[in-house]
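2 protein chains.
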Amino acid sequence: MVTAVPARSRQEERSQQTRQRLMTATIECLAELGWSGTTTTVVAERAGVSRGAQLHHYRTRAELVLAAVEHLAEVRREEVLREAAALPAGENRTAAVLDMLARLYTGPLFQAALELWVAARTDEELRAAVVPLEAKVGRESHRLTIELLGADESRPGVREAIQATLDLMRGLGLANTLTDDSARRSRLLAEWARTLDRTLREAR
Amino acid sequence: MVTAVPARSRQEERSQQTRQRLMTATIECLAELGWSGTTTTVVAERAGVSRGAQLHHYRTRAELVLAAVEHLAEVRREEVLREAAALPAGENRTAAVLDMLARLYTGPLFQAALELWVAARTDEELRAAVVPLEAKVGRESHRLTIELLGADESRPGVREAIQATLDLMRGLGLANTLTDDSARRSRLLAEWARTLDRTLREAR
DNA sequence: GAAAAAACAGTCAAGACTGAATGTTTCTCG
DNA sequence: CGAGAAACATTCAGTCTTGACTGTTTTTTC
């Protein structure tokens, strides 16, 4: 009699888990130790995966990191959608949206992504993989932000205001990497919420 | 008879030149090759300085980079002041100021600084040197921007608007590292100039 | 149930980077 | 002019990282 277990399930599953562990370990390393601290050895150790197993799945460091790039994009996407679903409606919706964005842009995922961006700037191979992915993520973020704010992009200036908001977030995230910037950031975002609201609602 | 040349001048001068060459080479390497591409060997080669001379002046890589950090701050400062002096007065002063800032935040000096920031995040020693320096540079930039825009910081919201402008620049600079972003940036800054002007001038 | 394939483990050699050690030239001062 | 110091040059050893290689276990398929 034929077993009901799908073909290759055991091994595939095991293999999948190993890869998963390697991915999360890679991203953790990027966030905690930075780009040059993320060596294949350290990643393997942290993932609890032998060096051999690691090389079996990702033959070179470049391969490992490229896979991590895509995995990171996926994880970021999920995190965004999860947070977005929990947003309150009503009066200070704008402030809440900005707050959520700020949290995303100051968290560990952003820091890992930052390491990748900066490394990709001077690494042709990595750059070729990061650029299109980041473009996609950027478009999605833009779309989602518009949706969350209920903005009307056909109005003049609205598109730019949204873009400015996201660029501002990137800047705030960058500023936050060296020192804890939360107090200043709160005041700044409170003001920006006012300005943004006015830009979105006004007729021009 | 005693020579008119001040004591130790020849050697001091030579020494100074060597250090200068090492500094500019270090910053060039950071901008072109990134943090991990900036090895002591490469810097020495590019500076046209022997490995021995390099080690004579900066005994460790950390020492070399820390010196480069301070040198970078000085060069950035000079560049800012030079550009600021050439700004036109009159109607679209705000747009001109934003344009100048954008150029600074997308140039090679910003990219070198970016490498340092990101590296400093996970390098305790480097961080200890970068943080206070960056705080100083940040304050100066803020002061200068206020001055250039003729803004009145005592008005509510003005301080935050200036900070947001600078944070936005950081974000735009970051976005520009991977792809040429100038078209989008121009449109965005044109709108930002309007918004900023309104915030600065309005009574609230 | 045996062969084949996949996953995994452990070791090793080549290359790169850093910093130390030592030798050589140039300059200053008495 | 000669001694001593500073600047500079060259070589070398130690460490780290990567990726290749070989062996072992588990799983699937015929």
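Chains as they are written, first to last, in full-length UniProt numbering: chain A, 1 to 204; chain B, 1 to 204.
From the three backbone atoms N, C-alpha and C, an ideal C-beta is built for every residue, glycine too.
Per DSSP, Thr165/B is one residue of the alpha helix (DSSP H) stretching across 158-178. Fewer than three beta-carbon pairs drawn from the region 181-199 of chain A and the region 119-128 of chain A are found closer than 8 Å, and the two stretches are therefore not classed as touching.
Along the length of the region 65-146 of chain A, whole alpha helix (DSSP H) runs at least 4 residues long occupy 93-104, 108-121, reported in chain order. Your pair Ala112/B and Leu30/B checks out as a contact, with CB atoms roughly 4 Å apart and the cut at 8 Å. If you check each beta-carbon in the region 127-158 of chain B against every beta-carbon of chain A, the ones closer than 7 Å belong to Arg127, Val130, Val131, Glu134, Gly157. With its beta carbon less than 7 Å from one in chain B, Asp167/A belongs to the interface.
Fewer than three beta-carbon pairs drawn from the region 93-111 of chain B and the region 16-25 of chain B are found closer than 8 Å, and the two stretches are therefore not classed as touching.
Per DSSP, the continuous alpha helix (DSSP H) segment holding Gly52/A begins and ends at 51-57. Neighbours of Gly37/A in chain B, taken as residues at a C-beta separation under 8 Å, are given in chain order as Thr122. Contact of Leu104/B with chain A is not assigned, every C-beta pair being separated by 7 Å or more.
One Cα belongs to Leu188/A, the other to Ala175/B, and the distance between them is close to 21 Å.
In this structure, the beta-carbon distance from Ala44/A to Arg51/A falls below 7 Å. For Thr177/A, the closest Cβ of chain B is nearer than 7 Å.
Taking 7 Å as the cut-off, the Cβ atoms of Ser141/A and Leu166/A count as close. Within chain A, the C-beta atoms nearer than 8 Å to that of Val118/B come from Gly34, Trp35, Leu114, Glu115, Val118, Thr177, in chain order.
One Cα belongs to Val130/A, the other to Glu202/B, and the distance between them is close to 42 Å.
Annotation: Tyr105/A to Arg76/A spans about 10 Å, alpha carbon to alpha carbon.
Against chain B, a Cβ distance below 7 Å from Arg170/A picks out Gly171, Leu174, Ala175. When the beta-carbon positions are compared, Leu149/B and Val97/B come within less than 7 Å of each other. Only residues of its own chain outside the window of five on either side were considered, and among them Gly173, Leu174, Thr177 have a CB closer than 8 Å to the CB of Leu114/A, listed in chain order. Pairing Met23/B with Ala68/B gives a Cβ-Cβ distance under 7 Å. Between the beta-carbon of Thr199/B and that of Gly157/B there is about 6 Å, and that keeps the pair under the 8 Å contact cut.
In the displayed model, Ser154/A falls within coil according to three-state DSSP, outside both helix and strand. CA-to-CA, the gap between Gly90/A and Ala193/A works out to about 14 Å. Boundaries of the alpha helix (DSSP H) harbouring Thr199/A: 182-201, taken from the DSSP string. For Arg187/A, the chain B residues whose Cβ falls inside 8 Å of its Cβ are Glu160, in order along the chain.
The C-beta distance from Leu116/A to Glu70/A rounds to 11 Å, too long to fall under 8 Å, and the pair is not in contact.
Between Val65/A and Leu126/A a beta carbon distance of about 7 Å is seen, short of the 8 Å cut, so the two are scored as contacting. Thr195/B reaches chain A at Thr195, Thr199, counting residues in chain order whose Cβ is nearer than 7 Å. Within the model, the alpha-carbon separation for Asp197/A versus Gly138/B is close to 28 Å. Neighbours of Arg61/B in chain A, taken as residues at a C-beta separation under 7 Å, are lacking, since the least C-beta distance is about 12 Å. The C-beta of Gly171/A has 16 or more other C-beta atoms within 10 Å across all chains shown, which makes the residue buried. Annotated three-state conformation of Ser15/A is helix, per DSSP. Around the C-beta of Glu147/A, fewer than 16 other C-beta atoms lie within 10 Å, and the residue is accordingly described as exposed.
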